[in-house]
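Everything on this sheet refers to the single structure shown next.
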Amino acid sequence: MSDQLNNVELIKDGDIGILKLNNPPENYLINPEFIELDLLKNFVVTGIKGLIITGVGRHFSAGADLKTIIKLADKPENLKTNLIKGHQLLNYIENLEIPVISAISGICFGGGLEIALCCHIRIASKKALFAFPETNHELVPGLNGIAKTQKLAGKLNTLKLILSGDTINTSTALKLNLIDEITDQKNVLDFVLTLLKSITADRSLKIINTIMKSINNSRKISYEDAMIKDAEMFCQLARDEAKRRKES
Amino acid sequence: MTTIKTHINWKVESGIGYLLFNNPPGNEMTPEFYHQLETLTSKTIQQSKVRAIIISGTGRHFSSGADLESLFDQIIEDSCDEVSVTEVSNNGALSSNLKSFDYFRKLNIPVIAAISGVCIGAALELAMFCHFRICTSGAVLGLPESTYGLIPGIGGIQNMVALAGQAKAIELILKGNTFSADQALDWNIIDYMVPKKELRNTAVRLAELASTNYRSYLKKDYLEQLDKNKNISD
Chain A
633 MSDQLNNVEL IKDGDIGILK LNNPPENYLI NPEFIELDLL KNFVVTGIKG
683 LIITGVGRHF SAGADLKTII KLADKPENLK TNLIKGHQLL NYIENLEIPV
733 ISAISGICFG GGLEIALCCH IRIASKKALF AFPETNHELV PGLNGIAKTQ
783 KLAGKLNTLK LILSGDTINT STALKLNLID EITDQKNVLD FVLTLLKSIT
833 ADRSLKIINT IMKSINNSRK ISYEDAMIKD AEMFCQLARD EAKRRKES
Chain B
14 MTTIKTHINW KVESGIGYLL FNNPPGNEMT PEFYHQLETL TSKTIQQSKV
64 RAIIISGTGR HFSSGADLES LFDQIIEDSC DEVSVTEVSN NGALSSNLKS
114 FDYFRKLNIP VIAAISGVCI GAALELAMFC HFRICTSGAV LGLPESTYGL
164 IPGIGGIQNM VALAGQAKAI ELILKGNTFS ADQALDWNII DYMVPKKELR
214 NTAVRLAELA STNYRSYLKK DYLEQLDKNK NISD
């Protein structure tokens, strides 16, 4: 099943959803809200157990192209609204209770990198390239890229990366914790799909949701509070499982 | 007179406390185990005035984790339909277990898990609350709760994210697979790997090293020193 609108393609492979940024060759983002939030919500609600975000063709995404930004900047109120919608979309993705993995090949710059950064896991092919080129054009990353990078790579590395606007390779990105794994395989999407299927195959959506809720809590609430919530969720699951055993 | 078997031995030797799981071969964490652990962490250890603690298992294995059958029985016993899950988990066994485990993390003396054989589920959860994890090369570790329709309930998820990072934690906890000591070392889930015969000696050496000026240095500094002194003591 495939759904193609507005530079985004939604596909299902078994229980795994795939979102492809579809504006080749560079997959420039026309809008900060690169897919309508409701569209993505409806897709998730069909019961997918995991989501992969990737780009059509050689590259992940080169981010927003300058012309688009300048055009949007004509009406500053509209640009602001669009950015807020973009934030809400990335926020939604980051807090999904199914694992979200970005499969990155080729260029992953600016807004594209910000999309990758809101995923739970980032896996890249050996030759992928990463950058925040915004400062080259008197701009800054506008979709939380600075904060996310700082959390992963630390203050100094973030300043260096963003102020310089330099491009880095996968091995540097791995060292900075911006990506989690590099694959030798030519087709990153295949690799990530196999991985995500092996992780989720034998798990019910209920367990996947519970574990991902806990994972998301680790970023959002205190360590102690998160552990207490984990105990509560464990209790609920144990009660359900004990009941099930009694009845069978 | 009925003697209740102690599932945990506590022994102090030269100022180091040895907490030894004593229910071989599996050293399962039964309700009796948790009860004894609660007594140890709320009274006994404090009174012992030790300068370091080493936690290990009797026999080949560290521990195979919680005894699920009795855990389910206990949850059913603790809860009744009118009581909310929050109340049950906050006042019941699970909250007490969390408190007992977290006790070790908060201690101001080095707590070292000396792991051999199997270290699964709640056993790994306890080990992750320790400040250091030394492990034999043949050990098998994992958080397999998801394969039973559960989740790690005693800090396992939060601690694994802190040690191995979000991505690796998601993979290991959803999959629930076991992994080797080599892999655990790679992923920062354990700190140091040794051949089986050197486990106890290394744990004692680390305890000695770290107890004299604990937290004056970074964790990696203690481990580097442990490595350096490896040949000197032979």
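Going line by line, the protein sequences match chains A and B.
Going by the numbering used here, the first sequence opens with residue 633, and the numbers climb by one from there.
Going by the numbering used here, the second sequence opens with residue 14, and the numbers climb by one from there.
For every residue, glycine included, the Cβ atom is placed at its ideal position computed from N, Cα and C.
Beta-carbon proximity check, residue i vs residue j, cutoff 7 angstroms
i        : j        : result
Leu891/A : Asn809/A : It is not possible to answer for residue 891/A, since the shown part of chain A is limited to 633 through 880.
Tyr47/B  : Asn110/B : yes
Gly30/B  : Ile66/B  : yes
Asp645/A : Lys681/A : no
Ala735/A : Ile667/A : no
Lys838/A : Glu729/A : no
Val174/B : Ser796/A : no
Met206/B : Ala194/B : yes
Thr842/A : Ile164/B : yes
Glu211/B : Gly169/B : no
Leu651/A : Leu661/A : no
Ser69/B  : Leu120/B : no
Ile122/B : Thr215/B : no
Glu746/A : Gly777/A : yes
Gly695/A : Gly649/A : no
Ser77/B  : Pro44/B  : no
Val732/A : His752/A : yes
Phe823/A : Gly744/A : no
Arg877/A : Ile88/B  : no
Range covered by the beta strand (DSSP E) that runs through residue i
i        : result
Thr257/B : Lying before the first or after the last residue shown, residue 257/B is absent from chain B, which here runs from 14 to 247.
Ala65/B  : 65-70
Ala127/B : 124-128
Ala756/A : 753-757
Lys24/B  : 21-26
Gly151/B : Premise fails: Gly151/B is in no beta strand (DSSP E) and is neither H nor E.
Ser193/B : 191-193
Ile778/A : Segment 777-785 is the alpha helix (DSSP H) holding Ile778/A; no beta strand (DSSP E) there.
Limits of the unbroken alpha helix (DSSP H) element including residue i
i        : result
Arg876/A : 855-879
Asp645/A : First-last for Asp645/A: 640-645, but that is the beta strand (DSSP E), not the alpha helix (DSSP H).
Lys119/B : 106-119
Gly718/A : 708-726
Glu138/B : 135-142
Ile164/B : It is not in any alpha helix (DSSP H) - Ile164/B carries neither H nor E in the DSSP assignment.
Leu704/A : 698-705
Gly742/A : 742-749
Next on the checklist: Please list, in chain order, the residues of the stretch 836-854 of chain A that have any C-beta partner in chain B closer than 9 angstroms.
Outcome noted: Ser836, Lys838, Ile839, Ile840, Thr842, Ile843, Met844, Ser846, Ile847, Asn849, Ser850, Arg851
Next on the checklist: Pairs of beta-carbons, one from the stretch 149-166 of chain B and one from the stretch 124-132 of chain B, closer than 8 angstroms: are there three or more?
Outcome noted: yes
Checklist entry - Of all the beta strand (DSSP E) runs that stay within the bounds of the stretch 650-689 of chain A, which reach a length of 3 or more residues? => result 682-687
Item to check | Ordered list of beta strand (DSSP E) runs contained in the stretch 36-62 of chain B, each at least 3 residues | outcome: none
Item to check | beta strand (DSSP E) runs wholly inside the stretch 798-822 of chain A, at least 3 long, in chain order | outcome: 799-801, 813-815
Item to check | Proximal residues, the stretch 152-170 of chain B versus chain A, C-beta separation under 9 angstroms | outcome: Glu158, Ser159, Thr160, Tyr161, Gly162, Leu163, Ile164, Pro165, Gly166, Ile167, Gly168, Gly169, Ile170
Checklist entry - Just by C-beta distance, which residues in the stretch 857-870 of chain A are closer than 8 angstroms to chain B? => result Ala858, Met859, Ile860, Asp862, Ala863, Glu864, Met865, Phe866, Cys867, Gln868, Leu869, Ala870
Checklist entry - Any contact of the stretch 752-762 of chain A with the stretch 810-818 of chain A, i.e. 3+ C-beta pairs under 8 angstroms? => result yes
Checklist entry - Along the stretch 726-745 of chain A, what residues have a CB closer than 9 angstroms to any CB found in chain B? => result Pro731, Ile733
Checklist entry - Taking Cβ-Cβ distances below 8 angstroms as the criterion, which residues of the stretch 813-833 of chain A are in contact with chain B? => result Glu813, Leu827, Ser830, Ile831, Thr832
Checklist entry - What are the residues of the stretch 108-125 of chain B that lie near chain A, defined by any Cβ-Cβ distance shorter than 7 angstroms? => result Ser108, Leu111
Checklist entry - For the stretch 676-695 of chain A, which residues have a CB atom closer than 8 angstroms to at least one CB atom of chain B, in sequence order? => result none
Item to check | chain A contacts from the stretch 213-243 of chain B (Cβ-Cβ distance under 8 angstroms) | outcome: none
Checklist entry - Taking three-plus beta-carbon pairs below 8 angstroms as touching, is the stretch 767-776 of chain A in contact with the stretch 710-719 of chain A? => result yes
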